[in-house]
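Residue numbers (our numbering): 133 to 626.
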């Protein structure tokens, strides 16, 4: 027996028990499947480790539950809370749920206006049909929204959170991603973060904010972006043209679809099928695969193709970068192209313009074609062969750290061999001795000093004479008598 106003009292019971008058709390103990019933006060009812039925009364009750427990509440009997460290769905007439512990458990509401609160792990919170309040924690939480009046509360830097909404929805503060669900033509709006906005299977209107947003779209979707509101990307499984103020487009899936840019500097990426990628006025980058077509207008920016397959530049595209490590080839056009190889063995052909070519790693073959071309070579670039049969101002540029002391010249049959001291790297100028048209007019070291084609033979003869006088190979002389070598070089490099 308890008198009213005589403290906050607790019953611990190993048998089924109903609280008497003026007793607030009940804890079931032991491991038997027993039940507990509250009274009209604000009760705390705690189950044991077995399956319990906990029945509240008219007060604002709190239930601590475990697996298999059942909560019984009458309509209009206070505002009640369940605290659970397991996934839990609210039963009839219970308003609120708090997930406890650190496990990634989930919470679901009912038809009432519920408040669901997550724990520190990644939770899925689904309020049900009522106007719910969903409160996340530190984890990467997912909120299921089906009422336009649902409210989400997230703190800053508390995981990467996602809303799945079957109604038109605007992301709350500190929530990153929005996925539209269902079959309604609904819309989604982001916030100031870097959002991922994903439409459903019908026509949606997706609006980003100030962040670097990603739009995942399908047929009929439209995108709204403001000027200077981040660097934004579209991922599309259908043919798509970028809207204003959106920078990048990635085609997804396996269908033969096409992508079109706008007036910005776009990145256009094809899928695994055959695509036509069309740029606009900006400096566009195309990431292509086998069978793709790139369309560019005249004077529409300085554009670049990145390709892991053999590629020939189409009209009005300036630059080509081979990627990956496969032995693929690249061909320029009539413009002044920049052609860059990958880590494999590449063949690069410049075409008619004044081209710049860099084979990169691997043993590459570079052909400048017509025009005054520049060939670039760095340490670690392997053993390249250069062919250049036209132009009057061609240049071989060595990279940073490759100075005249590192550059060793010799004749090999009709070719000029240029080896780098202390490595197996070398450049062979094909058929150098076949005539002046095959010669590169200027060799430039990494420190800016230059050796003209007219001085190459003079330097080779001086190197040979030094070897005869000293009995040292040129490579030995570089290591043992660098000051004397520098004097020989100074007479030819300027």
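Built from N, CA and C at the ideal position, the CB exists for glycine as well. Please read all numbers here as calculations on a predicted model, not as lab measurements.
Residue pairing by DSSP places residue 372 opposite 391 in a beta bridge. In this structure, DSSP gives residue 551 an extended state, which the three-state scheme calls strand. Contact between residue 216 and residue 234 does not hold, since the beta-carbon distance rounds to 13 Å and is not under 8 Å. Each residue's CA atom was taken as its position, placing residue 222 and residue 243 some 9 Å apart. The distance from the Cβ of residue 551 to that of residue 558 is about 4 Å, consistent with a contact at the 8 Å cut-off. The C-beta of residue 359 has fewer than 16 other C-beta atoms within 10 Å across all chains shown, which makes the residue exposed. For residue 534, the CB contacts under 7 Å within the same chain, skipping 5 residues up- and downstream, are 511, 552, 577 and 578 in chain order. Nearest C-alpha to residue 145 among 446, 167, 153 and 220: 167.
The count of Cβ pairs closer than 8 Å, one atom from the segment 513-526 and one from the segment 587-598, stays below three, leaving the stretches out of contact. Going by DSSP, residue 309 is part of the beta strand (DSSP E) stretching over 309-312. Nearest in C-alpha terms to residue 392, of all of 405, 418, 385 and 404, is 418.
According to the DSSP assignment, residue 596 belongs to no beta strand (DSSP E) but to the alpha helix (DSSP H) extending over 588-602. Cβ-Cβ separation between residue 461 and residue 435: approximately 20 Å, too far for a contact (criterion under 8 Å).
DSSP places residue 558 in the uninterrupted beta strand (DSSP E) bounded by 558-561.
Taking residue 344 as the centre and dropping the five residues before and after it, the same chain places the C-beta of 326, 362, 363 and 364 closer than 7 Å to its C-beta, in chain order. For residue 592, same chain residues with a beta-carbon under 6 Å away, outside a window of 5 residues either side, are 541 in chain order. One alpha carbon belongs to residue 585, the other to residue 500, and they sit about 17 Å apart.
Contact between residue 524 and residue 504 is confirmed by a C-beta separation of about 7 Å, below the 8 Å threshold. In its chain, beyond the 5 residues on either side, 388 and 423 have a beta carbon closer than 6 Å to the beta carbon of residue 406. Cβ contact annotation for residue 163 (same chain, cutoff 6 Å, sequence separation greater than five): 181 and 182, in chain order. Only residues of its own chain outside the window of five on either side were considered, and among them 189, 190 and 191 have a CB closer than 7 Å to the CB of residue 172, listed in chain order.
If you look at residue 619, you'll find it in the alpha helix (DSSP H) that goes 614-622. For residue 320, the uninterrupted beta strand (DSSP E) run begins and ends at 319-321, by DSSP. If you look at residue 467, you'll find it isn't in any beta strand (DSSP E); DSSP assigns it neither H nor E. For residue 153, the closest of 315, 605 and 174 by C-alpha to C-alpha distance is 174. The alpha-carbon separation between residue 273 and residue 239 amounts to approximately 11 Å.
The three-state secondary structure of residue 293, taken from DSSP, is coil. Note that the C-beta distance between residue 194 and residue 214 is below 9 Å.
Cβ-Cβ distances below 8 Å link residue 378 to 347, 355, 357, 364, 365, 366, 394 and 396 in the same chain, with the five nearest sequence neighbours on each side left out; the list follows chain order. Residue 449 counts as buried, since at least 16 other C-beta atoms from the protein chains shown sit within 10 angstroms of its C-beta. According to DSSP, residue pairing for residue 543 in a beta bridge involves 548. Under DSSP, residue 490 forms a beta bridge with 472 and 508. In the three-state reduction of the DSSP assignment, residue 625 falls in the coil class, being assigned neither a helical nor a strand state. For the 9 Å CB-CB criterion, residue 241 and residue 268 do not form a contact. For residue 534, there is no enclosing beta strand (DSSP E), as DSSP gives it neither H nor E.
Cα atoms of residue 531 and residue 509: separation of roughly 6 Å, rounded to the nearest angstrom.
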